[in-house]
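Below is one structure, written out as structure tokens, with a few remarks after it.
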Amino acid sequence: MTASSYDTPSNFIQTIINEDFDSNKYGGRVHTRFPPEPNGYLHIGHAKSICLNFSIAAKNGGLCNLRFDDTNPVKEELEYVNSIKRDVKWLGFDWGERMFYASDYFDQLYEYAVCLIEKGKAYVCDLSAEEIREYRGTLTEPGRESPYRKRSVEESLDLFRRMKDGEYEEGTRVLRAKIDMASPNLNMRDPVIYRIMKVPHHRTGDRWNIYPMYDYAHPISDSIEGITHSICTLEFEDHRPLYDWTLEALDIFHPQQIEFARLNLTYTVMSKRKLRQLVEEGYVSGWDDPRMPTISGLRRRGYTPESIRSFCEEIGIAKANSTVDIAMLEHSIRTELNSSAPRVMAVLRPLKVIIDNYPQDHVEELPAENNPESPAMGARKLPFSREIYIEQEDFKENPPKKYFRLAPGGEVRLKHAYIIKCVRVVKDEQTGEIIRLHCTYDPETRSGSGSQRRVKGTLHWVSAPHAVPAEVRLYNNLFTKENPDEEDDFKSFINPHSCEVLTSCLVEPGLSKAVAGSRYQFLRQGYFCVDPVDTTPDTLIFNRIVPLRDTWAKVMKASKKQK
Ligand code: ATP
Ligand code: MG
402 MTASSYDTPS
412 NFIQTIINED
422 FDSNKYGGRV
432 HTRFPPEPNG
442 YLHIGHAKSI
452 CLNFSIAAKN
462 GGLCNLRFDD
472 TNPVKEELEY
482 VNSIKRDVKW
492 LGFDWGERMF
502 YASDYFDQLY
512 EYAVCLIEKG
522 KAYVCDLSAE
532 EIREYRGTLT
542 EPGRESPYRK
552 RSVEESLDLF
562 RRMKDGEYEE
572 GTRVLRAKID
582 MASPNLNMRD
592 PVIYRIMKVP
602 HHRTGDRWNI
612 YPMYDYAHPI
622 SDSIEGITHS
632 ICTLEFEDHR
642 PLYDWTLEAL
652 DIFHPQQIEF
662 ARLNLTYTVM
672 SKRKLRQLVE
682 EGYVSGWDDP
692 RMPTISGLRR
702 RGYTPESIRS
712 FCEEIGIAKA
722 NSTVDIAMLE
732 HSIRTELNSS
742 APRVMAVLRP
752 LKVIIDNYPQ
762 DHVEELPAEN
772 NPESPAMGAR
782 KLPFSREIYI
792 EQEDFKENPP
802 KKYFRLAPGG
812 EVRLKHAYII
822 KCVRVVKDEQ
832 TGEIIRLHCT
842 YDPETRSGSG
852 SQRRVKGTLH
862 WVSAPHAVPA
872 EVRLYNNLFT
882 KENPDEEDDF
892 KSFINPHSCE
902 VLTSCLVEPG
912 LSKAVAGSRY
922 QFLRQGYFCV
932 DPVDTTPDTL
942 IFNRIVPLRD
952 TWAKVMKASK
962 KQK
């Protein structure tokens, strides 16, 4: 390829790749990896990294590996490995034959550590963790050298082997890189690269008594796999000198580490540690609770892989951290479902309406288009009868001005049906609660009949004898604060109204056949998805994905006007 034949760089990482093509740095190869630590479920931030790594490889004719960074046996579990594989696949990416584990390289990593000791670039240190911290110094003060730094190569080799063989207790010794205790970068002040941990590992069992540190294992794993561009988030910028030092000290293939800004979203938290707390302490029903920013939570809520990918594309790749408005994520699914989801009628808080002048036991089948944005989606037949339900909030006994819904003596159109007029309100004598309405209908006003009569309000409804009962779960932001991640006590900002469960909803009869995971627009309410976990043959449960009102589109419109 020549410089002029490349795509216009869509982000700064592509610019780097183009330069590498020009200089032939990696022989025209692009090979990336997505390296999750299997200590929790993936979240939308990981989706950004997955999309970036897999797409940039694909765009440049390269490959992307899936690698589990399983160097810390304490926090890792098979359940997480399986969920990660499922989520990456579901997002639409394929690692082919290239699924690896950092633990696959434990032997090699050990050999390389021995090699560093032999080269005089690593030593066994007997200081305690606390002493190491004290000796490290601070940003303003240089560190002090460990008394064990001058230990002979032979002694370090012997001690390291015995650490491996399990002769010493946890915390008594570590292996440290010998770099520079006066470096302004704290990561370079003789970092620990191996520690004793007598903990079984989910893949290597009790074979190892020592485990490598992430900062040591990561560059070597990248190198072994022939990764060219090792893309990570900004907090690793200060670790890059150590990444480079490790590869140079060992004189092995040297990938380029490139940092980008991590995704933060408003009204949620985005670290696995915090998400795990929400799960373990029962604030949510699990990792896949539809309020969670996890990929499994978003999937269960009703998000599609396409909407998440287009969101990740839209937010772009930057070098400075920022927080994205959660409304933008909601906008992405709304835009997709606007034209693809069938539009149906569901009454969430039913109020009975009897149409006095409609013949008893008569049922009409009214034609109803499935989605006016997509005529190809066709139409269905809706039963209409003398008794229907409308939404409680669509009736007001004492309506304010400009109330275009139903009121005593007032008229509305029933979507796909007739104009009705409210003639009587029946209340519970004790409580005063409205029990039902009596209306009359105008037979001349059937939708599609060419009737010229117009009224201001149009309501959704369901036919009482035909309606199907359902439960509807209305979700709101999980946190009441825009940036709960910034608070130590983030759990005190959990939104007590993040899930409202409505158990006496009624949906149109066609939905009795709705399959788990299918998505609908409930007219005037929002987008909903059949819950794939709790729905049973007897109980149909819908999750609200998003309400209809698009706050992000409004923000965009307003900002365009300002320009
Ligand atoms: P967390 O802090 O949520 O536990 P992590 O960085 O420890 O995240 P890893 O499993 O180590 O999680 O991450 C795997 C990959 O995903 C890394 O390359 C990491 O940089 C990237 N990643 C993690 N969180 C985000 C985010 N919010 N935005 C973009 N990329 C992310
Ligand atoms: Mg991590």
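In case it helps, our numbering puts the sequence shown at residues 402 to 964.
We put the beta carbon where it would ideally sit given N, CA and C, even for glycine.
The DSSP-derived three-state label of residue 709 is helix.
If you compare the alpha carbons of 450, 413, 480 and 953 with that of residue 730, the shortest gap goes to 953. For the set 944, 718 and 559, the Cα lying nearest the Cα of residue 930 is the one of 944. For residue 941, the CB contacts under 8 Å within the same chain, skipping 5 residues up- and downstream, are 869, 870, 871, 872, 908, 912, 913, 915 and 931 in chain order. The way I'd put it, the stretch 778–788 does touch the stretch 745–758; three or more beta-carbon pairs between them come closer than 8 Å. Relative to the ligand ATP, the beta carbon of residue 613 is positioned no closer than 7 Å to any heavy atom. For residue 446, the enclosing alpha helix (DSSP H) stretches over residues 445–460. Measuring C-alpha to C-alpha distances from residue 821 to each of 800, 857, 834 and 829 identifies 857 as the nearest.
Bridge pairing for residue 630: 657 [DSSP]. Cβ atoms of residue 734 and residue 705 come within 8 Å of each other, at about 7 Å.
Pairing residue 468 with residue 620, the inter-Cα distance amounts to about 13 Å. Sequence-distant partners of residue 949 (beyond 5 residues in either direction) whose C-beta falls short of 6 Å from its own C-beta, in its chain, are 927. Within the DSSP secondary-structure output, residue 864 pairs in a beta bridge with 789.
The C-alpha of residue 502 is placed about 22 Å away from the C-alpha of residue 516. When C-beta atoms of the stretch 702–716 are compared with those of the stretch 476–492, three or more pairs fall below 8 Å, so the two segments count as touching.
For residue 711, the closest C-alpha among the options 860, 938, 736 and 865 is that of 736.
A residue is called buried when at least 16 other Cβ atoms come within 10 angstroms of its Cβ; residue 879 meets this threshold and is buried. Using a C-beta cut-off of 8 Å, the stretch 628–636 makes no contact with the stretch 668–684, since fewer than three inter-stretch Cβ pairs fall below that distance. Taking a 10 Å sphere around the C-beta of residue 836, we find fewer than 16 other C-beta atoms and assign the residue as exposed.
Residue 441 is a Cβ neighbour of residue 676, given a cutoff of 8 Å. Residue 600 is classed as exposed because its beta carbon has fewer than 16 other beta carbons within 10 Å across all chains shown. Between the beta-carbon of residue 577 and that of residue 523 there is about 6 Å, and that keeps the pair under the 8 Å contact cut. When rounded, the separation of the alpha-carbon atoms in residue 544 and residue 551 is 16 Å. Secondary structure note for residue 843: its beta strand (DSSP E) is the uninterrupted segment 835–843.
For residue 826, there is no enclosing alpha helix (DSSP H); the enclosing beta strand (DSSP E) covers residues 820–828.
With respect to the 8 Å criterion, residue 586 and residue 645 are not classified as neighbours on the basis of their beta carbons. Rounded to the nearest whole angstrom, the CA to CA distance from residue 959 to residue 951 is 13 Å. Here the alpha carbon of residue 717 sits roughly 10 Å from the alpha carbon of residue 664. Taking a 10 Å sphere around the C-beta of residue 834, we find fewer than 16 other C-beta atoms and assign the residue as exposed.
Boundaries for residue 466: no alpha helix (DSSP H) harbours it, while the beta strand (DSSP E) harbouring it runs 464–469, taken from the DSSP string. Contact between the stretch 433–440 and the stretch 477–486 is present, with at least three C-beta pairs closer than 8 Å.
In its chain, beyond the 5 residues on either side, 789, 791 and 815 have a beta carbon closer than 6 Å to the beta carbon of residue 862. According to the DSSP assignment, residue 733 belongs to the alpha helix (DSSP H) that extends over 727–741. The three-state reading of DSSP puts residue 618 in helix, counting H, G and I together. For residue 616, the closest of 643, 910 and 806 by C-alpha to C-alpha distance is 643. Within the DSSP secondary-structure output, residue 523 pairs in a beta bridge with 578.
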